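Step one of this worksheet: look at the structure below.
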Amino acid sequence: MAMTTRCPQCGTAFKVVPDQLRVRNGLVRCGACSTVFDGRACLVAQIPQAAPAGLAVPPDRSRPPAPPAPAAVPPAISEARPEPALGTLPPAVLRGRPDIRKHDPYVGGHASQDDDDAYDDDRLADDEPGLPQPLAEAPAGTDADQDAETGTDAEIDAEGDAEAENDAAANAGDHVEVEPVVLGEARTRYYGATDVGRTPPEFLDTDRQARRHLVRSLWGYACVLGLLLLALQVVYVYRSAIATAAPPLRPLLTSLCQPLGCQIGYARRIERIFITSSSLQPPRGQAGAPADGHSHLVLSVSLRNRYDQPQHWPALRLDLTDLSDTVVVRKVLQPRDYLPPGQAEGPFEPGAEINVTVPIEVAGVQVNGFQLDKFFP
Numbered sequence: 001m002a003m004t005t006r007c008p009q010c011g012t013a014f015k016v017v018p019d020q021l022r023v024r025n026g027l028v029r030c031g032a033c034s035t036v037f038d039g040r041a042c043l044v045a046q047i048p049q050a051a052p053a054g055l056a057v058p059p060d061r062s063r064p065p066a067p068p069a070p071a072a073v074p075p076a077i078s079e080a081r082p083e084p085a086l087g088t089l090p091p092a093v094l095r096g097r098p099d100i101r102k103h104d105p106y107v108g109g110h111a112s113q114d115d116d117d118a119y120d121d122d123r124l125a126d127d128e129p130g131l132p133q134p135l136a137e138a139p140a141g142t143d144a145d146q147d148a149e150t151g152t153d154a155e156i157d158a159e160g161d162a163e164a165e166n167d168a169a170a171n172a173g174d175h176v177e178v179e180p181v182v183l184g185e186a187r188t189r190y191y192g193a194t195d196v197g198r199t200p201p202e203f204l205d206t207d208r209q210a211r212r213h214l215v216r217s218l219w220g221y222a223c224v225l226g227l228l229l230l231a232l233q234v235v236y237v238y239r240s241a242i243a244t245a246a247p248p249l250r251p252l253l254t255s256l257c258q259p260l261g262c263q264i265g266y267a268r269r270i271e272r273i274f275i276t277s278s279s280l281q282p283p284r285g286q287a288g289a290p291a292d293g294h295s296h297l298v299l300s301v302s303l304r305n306r307y308d309q310p311q312h313w314p315a316l317r318l319d320l321t322d323l324s325d326t327v328v329v330r331k332v333l334q335p336r337d338y339l340p341p342g343q344a345e346g347p348f349e350p351g352a353e354i355n356v357t358v359p360i361e362v363a364g365v366q367v368n369g370f371q372l373d374k375f376f377p
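Read in order, the letters of the sequence shown correspond to residues 1 to 377 in UniProt numbering.
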């Protein structure tokens, strides 16, 4: 018994027999859109058979023709007409081009399998009479059907013209020569110095290299000058230490300091200068307290430099005390106060010893003792 199945893709109805469904486990191929689907799942109600055209009774021409009654068109016939599947049409840019499945090696295997299935279906169609074929459209019985068919044909012709134009445009686009793209490292071509957005590499730009060389030279000179200034500043700050550590450089440093108004000092190791002896007593020939209230005393001091480098002359601090050992007078003696004229500008030579006497005058106090100390101002 023949059954009717409908393609879910394009809506075309076909007649099939159970034997054909058993051959491919129910799978059939649509003859309109070549879609493979399950024929059992898409079975529809049985379409009634139309009466054969050869058995039709000729009309009686002796009677006046009656108005033609509207012919009852089976509902399955209108459903059997395949509607244009808009979703299956390829884009306009791809129309007219060879199918990619014929050239893709990965799709070739599936295409060959589909061709085998189509070949088997064709053989079954030749052997068995009830193979799926698109149902023929019933002859139109009314003017409305003829108008609908005319409109449908016009739409099909218009669509065919549009497809032909698209195919022609695609074929014309295929003949356009496209410059082949060479993959690899991008290369920049230089035709002149006015090329917009293109600058030569640094190693080819001689002007830029010259400018960079000049800038580097200026930076080098500036660094050298800065180092020299830094060295001069260090020498200026540590001039005394340098002259003490390197006595041969003292004359040179002294000559350099003369324009600047600076002086080259000596070592300052106060702990290496010793007071070997000291005394405070009235001058010779003067005894007792003076009548005017002024006391005249003489300070005698012996100094020794036990350092191996020349040093500055130290300053002396003299504290005079009374009977209760309270400091009543304090005096500070600078080198120019206890040294002979001209000797204070010189150094205290290493290992040298000097004896000095300094007159001291106090007024209004009774001096009973003294304390003597040394320091560098």
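Backbone N, C-alpha and C define an ideal beta-carbon position, used for all residues, glycine too.
Predicted model only: the values in this text are computed from it and were never measured.
#1: Looking at C-alpha atoms only, which residue of T12, P350, V328, R317 is the closest neighbour of Y338?
#2: So does the stretch 342–362 actually touch the stretch 295–312, counting three or more Cβ pairs closer than 8 angstroms?
#3: Is it buried or exposed, G39, if we count other Cβ atoms within 10 angstroms and call 16 or more buried?
#4: Out of curiosity, what's the CA-to-CA distance linking Q233 and A245?
#5: Got a sec: is the Cβ-Cβ distance from V17 to anything in chain D below 7 angstroms?
#6: Do Q371 and D325 have their C-beta atoms closer together than 7 angstroms?
#7: DSSP three-state call for S302: helix, strand or coil?
#8: Do Q311 and Y266 have their C-beta atoms within less than 7 angstroms of each other?
#9: To the nearest angstrom, how far is it from the Cα of C257 to the Cα of S240?
#10: Pick helix, strand or coil for D19, following the three-state DSSP scheme.
#11: May I ask you to report which of helix, strand or coil DSSP gives G39?
#12: DSSP on I275, reduced to helix/strand/coil?
#13: With DSSP as the reference, please indicate the residues paired to residue 385 in a beta bridge.
#14: Cα separation between P377 and R284?
#15: Can you tell me which of the three DSSP states D319 falls into?
#16: Starting from G369, follow the beta strand (DSSP E) in both directions and report where the run begins and ends.
#17: With T254 as the anchor, note down where its alpha helix (DSSP H) starts and where it stops.
#18: Determine the burial state of A243: buried for a count of at least 16 other Cβ atoms within 10 Å of its Cβ, exposed for fewer.
#19: Taking A32 and T12 to be in contact with their CB atoms under 8 angstroms, please state how far apart those CB atoms are, rounded to whole angstroms.
#20: Just how far apart, CA to CA, sit F274 and L228?
#21: Can you name the start and end residues of the beta strand (DSSP E) that T5 belongs to?
#22: Return the residue from the list P347, D373, L252 that minimises the CA-CA distance to K331.
#23: Could you check the C-alpha separation between C262 and Y236 for me, to the nearest Å?
#24: Counting only the same chain and skipping the five closest in sequence on each side, list residues whose C-beta sits under 7 angstroms from that of Q309.
#25: If the criterion is Cβ atoms closer than 7 angstroms, does the pair V328 and V365 meet it?
#26: How far does the beta strand (DSSP E) with R29 in it reach, from first residue to last?
#27: Assign P314 to buried or exposed, taking buried as 16 or more other Cβ atoms, counted over all protein chains shown, within 10 Å of its Cβ.
#28: Can you find the residues in the same chain that come closer than 6 angstroms, C-beta to C-beta, to P359, ignoring five residues on each side of it along the sequence?
#29: Cα-Cα, which of R29, D19, Q20, L21 is closest to C7?
#30: Which residues mark the beginning and the end of the beta strand (DSSP E) in which R330 is found?
#31: In the structure shown, what three-state DSSP assignment does V234 receive?
#32: If you drop the 5 nearest sequence neighbours on each side, which residues of the same chain put their C-beta closer than 7 angstroms to that of I270?
#33: Would you kindly work out how many angstroms separate the C-alpha atoms of Q9 and V44, rounded to a whole number?
#34: Sorted by chain position, which residues of the same chain lie with C-beta nearer than 8 angstroms to R272's C-beta, five sequence neighbours on each side aside?
#35: Return the chain-ordered list of same chain residues with a C-beta closer than 6 angstroms to the C-beta of N25, the five sequence neighbours on each side being excluded.
Walking through what the data contain:
#1: R317
#2: yes
#3: buried
#4: 18 angstroms
#5: Here chain D cannot be found, since the structure has a single protein chain.
#6: no
#7: strand
#8: yes
#9: 11 angstroms
#10: helix
#11: coil
#12: strand
#13: Only positions 1 to 377 of the chain appear in the structure, and residue 385 is not among them; the question remains open.
#14: 32 angstroms
#15: strand
#16: 369–375
#17: 250–260
#18: buried
#19: 4 angstroms
#20: 41 angstroms
#21: 3–6
#22: D373
#23: 9 angstroms
#24: T244, A267, P350
#25: yes
#26: 27–29
#27: buried
#28: V298
#29: R29
#30: 327–333
#31: helix
#32: P314, K374, F375, F376
#33: 15 angstroms
#34: N305, R306, Y307, Q311
#35: none
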